[in-house]
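Protein chains in written order, with my numbering: chain E, 26 to 289; chain U, 5 to 354. For glycine and all other residues, C-beta sits at the position ideal for the given N, C-alpha and C.
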Amino acid sequence: MTRVAIIGNSHVGAYLQARDAIEAAFPTVELSFFALPRHSFSSCCYDADGVLSAQEPPASGLPDQIDLSTVDRILMVGQSFAREGLARLVRDFDVLGLAPQGRARSVSLALISDYAEFRVDRYCRKLARFLREDPRCVVAPAPFPAVDMPDWACEQAGWLDHPDAEQLTAIWSDTVLWHMSSLKYGLMTQPASLVAASGRSPAEVARAASLPDGQAPTAADFTHMNADYGFAHFSAFAHNWLGLEPDGRTTSPSKEHHHGLGPQ
Amino acid sequence: MKSPYQNLEERAFWRACVGRDDDNALAQLWSPKLELGRATPLMTAGSCFAQHLHRALVRGGWNVLQGEDMSAHLPNRLCQRYGYNLFSARYGNIYTARQFRQLVEHALADTAPPVLIWEKDGRYFDALRPAVEPEGLGTADEVRQSRAEHMLALRPVLEQAACIVLTLGLTEGWIDRDTGLALPTAPGTIAGSYDPDQVFLHNFTHAEVIADLRATRDLLRAHGLQARFLLTVSPVPLVATASGDHVGPATTYSKSVLRAASGELSMTDGDFDYFPAYEIITSPIMGGPYFDQYGRQATDEGVQLVLRAFGHALGEDASATLEKASTARAATSTDEETICEEILLEAFNK
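Structure, rendered in structure tokens:
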């Protein structure tokens, strides 16, 4: 068996929802899960025996610790790599050299790049300290927001509504790639099959697409993904880092999860 | 026989004061003319030494105006690198009285003030604050837009300020021949290129410094603005002189003129006061001089004495907050090394 721990923040949910489908498609894989309280590295303690424990009570029903000493791979998902700060800058200021957005003040594109550099560097250093650069660890950035995110939820999308979003995304992505390349962790960027447009996930893999009938989506339902995403993302992870391919399947893990069908 | 020196306070006598840095001695150093309290809206400006005062006042909880605040968006290191939150707006270092007068004229002008743009390696710099964008901007239009936004942000600061804490640094300055604009640094150091047909060196006289400072005050009053001035003189010597003199006498000239002009204004004009930071750092009066091994940068110990003296003269409350601020500064000095365009001159000379 190949034991894989999926840890991270609320984005762990997509993999938890796909758990049955993953284990059915990858019968040699054994999964375990852990979510950091408050999504914060500092909320946890990683002891010398390899046990990661919550320092504060987790939400009810969530595990309060995970033994990482026995796993073969650790997939750390949902990492923001400091996107929020960059998004806030772009939200509050025009960027000289990019399309004006009617803000009262501007900042330079050089400042935007320096800011990304500063924040991502810090983020990666925190990340490195957190699991002590354990080479079993592969880090995945948080999924891109869904391509059909409505206007009322667009604040959650960061800079993606900006006319020059592609350029801003490239600045951020390149910075993440550069800094992660110096860590012993692997970096798993969002697979092309799960990208609908620059910095956007396909609508059908967002939670908003698989909510029960009659349930109105919230903004978070466009930034958090469903079991289809979890399954597809894990499959890409398994291909790249475990050398495994899924057994054939015909149905959507999110439909299976939603309808309680279990693995097919 | 009676002497006019009889019954004077202890602070009047060198022997009683020299070398003391106790609280009592610090409190006696300066008797503020202007009424300052923590709620007084302050505007800070000046040469690189002024950054110390700005930082300590902000950390001490004083009402330091900020027209282009980025503290909620950027870490200190980037604020420093891009000229944010060093002073009350993003005007960069202001070394001469003429530069400050020009800044106020531009901010209060009804028409768009002139913009002087330097180019280097395909990047464009605002010649009146070339260090605030260390990489320059992509086009000349971006420089114009950035400057227009800066002027717009500066005006409310001037309108609200009750006191302008202005640290004068230099008398030597470069003037653009076409526009008459006073530049913070010579072209060819940060950006642009030196062309004697385009710029010339001017070493301001005592009379010119006084005239510029009074003209600035008059301009404020003409716009109905009430700010008064607390002047200080930067103790930091010239890094280089283009006057043809030795840098030592050139420094003495520059600082003497600024000190004398500040003193004269303080003695004769109710809108100006002088705070003796220069004396604390450069003379033995408080146990100094307080310079680093190269005899140029003020030591942390000296800067903290300046802040203590400033606080003590303004009362217990001010003293405590400024001392706290100066301690915090020492703890984060790596992140907040003083930005000084003059250093570039030195690098350029290597």
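### Query
Shorter than 7 Å from the beta carbon of L193 of chain E to some beta carbon of chain U?
no
### Task
Kindly indicate if chain U contains any beta-carbon less than 7 Å away from that of G122 of chain E.
yes
### Query
For the beta strand (DSSP E) that I31 of chain E lies in, which residues bound it at each end?
27 to 33
### Query
Hey, does E139 of chain U have any beta-carbon neighbour from chain E nearer than 7 Å?
yes
### Contacts that P79 of chain U makes with chain E (C-beta to C-beta distance below 7 Å)
F143
### Message
With DSSP as the reference, identify every bridge partner of T245 of chain U, one or two as the case may be.
### Response
Bridge partners of T245 of chain U: none, in fact.
### Query
Between which two residues does the alpha helix (DSSP H) containing C149 of chain E stretch?
134 to 155
### Query
What residue range is occupied by the uninterrupted alpha helix (DSSP H) comprising S78 of chain E?
Careful: S78 of chain E lies outside any alpha helix (DSSP H), inside the beta strand (DSSP E) at 76 to 79.
### Message
Measuring only the C-alpha atoms, how far is P82 of chain E from S57 of chain E?
### Response
19 Å
### Task
Might you give, ordered along the chain, the residues of its own chain that have their beta carbon closer than 6 Å to the beta carbon of V307 of chain U, omitting 5 neighbours on each side?
H56
### Message
List, from N- to C-terminal side, the alpha helix (DSSP H) runs of 4 residues or more that fit wholly inside the segment 190 to 248 of chain U.
### Response
210 to 226
### Query
Which residues bound the alpha helix (DSSP H) around L253 of chain U?
A small correction: the amino acid at residue 253 of chain U is Pro; Leu does not occupy that position in the sequence shown. Unbroken alpha helix (DSSP H) run through P253 of chain U: 251 to 272.
### Query
In the DSSP assignment, what are the bridge partners of M101 of chain E?
E:I32, E:V164
### Message
I'd like to know whether the C-beta atoms of L121 of chain E and L141 of chain U end up nearer to each other than 7 Å.
### Response
yes
### Task
Tell whether a beta-carbon distance below 7 Å holds between P227 of chain E and L236 of chain E.
no
### Query
Would the beta-carbon of I194 of chain U be found less than 6 Å away from any heavy atom of the ligand PLP?
Ligands in the displayed structure: none, and consequently the ligand PLP is not present.
### Message
Tell me which residues share the same chain as A93 of chain U and place their Cβ nearer than 6 Å to its Cβ, disregarding the 5 neighbours each side in the sequence.
### Response
G71, E72, A157, L158, V161
### Query
Just curious, the alpha helix (DSSP H) that Y282 of chain U is in, first and last residue?
281 to 286
### Query
Is the distance from the Cβ of P239 of chain U to the Cβ of Q164 of chain U below 7 Å?
no
### Cα-Cα separation between R98 of chain E and A195 of chain E, rounded to whole angstroms
29 Å
#### Entry: Under the three-state DSSP convention, the category L41 of chain E falls into
helix
#### Entry: CB contact check: G142 of chain U to chain E, cutoff 7 Å
yes
### Query
What residues match up with Q90 of chain E in a beta bridge as DSSP calls it?
E:S78
### Query
Under 7 Å, do L242 of chain U and D277 of chain U count as touching if we go by C-beta distance?
no
### Message
Does S75 of chain U pass the burial test, meaning 16 or more other C-beta atoms within 10 Å, or should it be called exposed?
### Response
exposed
### Task
Given a cut-off of 7 Å, decide if I214 of chain U and A281 of chain U are closer than it, judged by their beta-carbon atoms.
no
### Task
With a threshold of 16 other CB atoms inside 10 Å of the CB of H250 of chain U, please say whether the residue is buried or exposed.
exposed
### Message
Given a cut-off of 7 Å on the beta-carbon distance, is the pair D238 of chain E and P278 of chain E in contact?
### Response
no
### Residue-chain proximity (L82 of chain U, chain E), Cβ-Cβ < 7 Å
yes
### Task
Would you decide whether A226 of chain U is buried or exposed? Buried here means 16 or more other CB atoms lie within 10 Å of its CB.
exposed
### Task
Please check if any C-beta of chain U sits within less than 7 Å of the C-beta of L114 of chain E.
yes
#### Entry: Short CB-CB distance (under 7 Å) between R108 of chain E and chain U
no
### Query
Name the chain U residues whose beta carbon is nearer than 8 Å to that of S218 of chain E?
Those within 8 Å of S218 of chain E in chain U number zero; the least Cβ separation is about 36 Å.
### Task
For chain U, find out if any of its Cβ atoms is closer than 7 Å to the Cβ of S131 of chain E; answer yes or no.
yes
### Query
Any beta-carbon of chain E closer than 7 Å to the one on Y88 of chain U?
no
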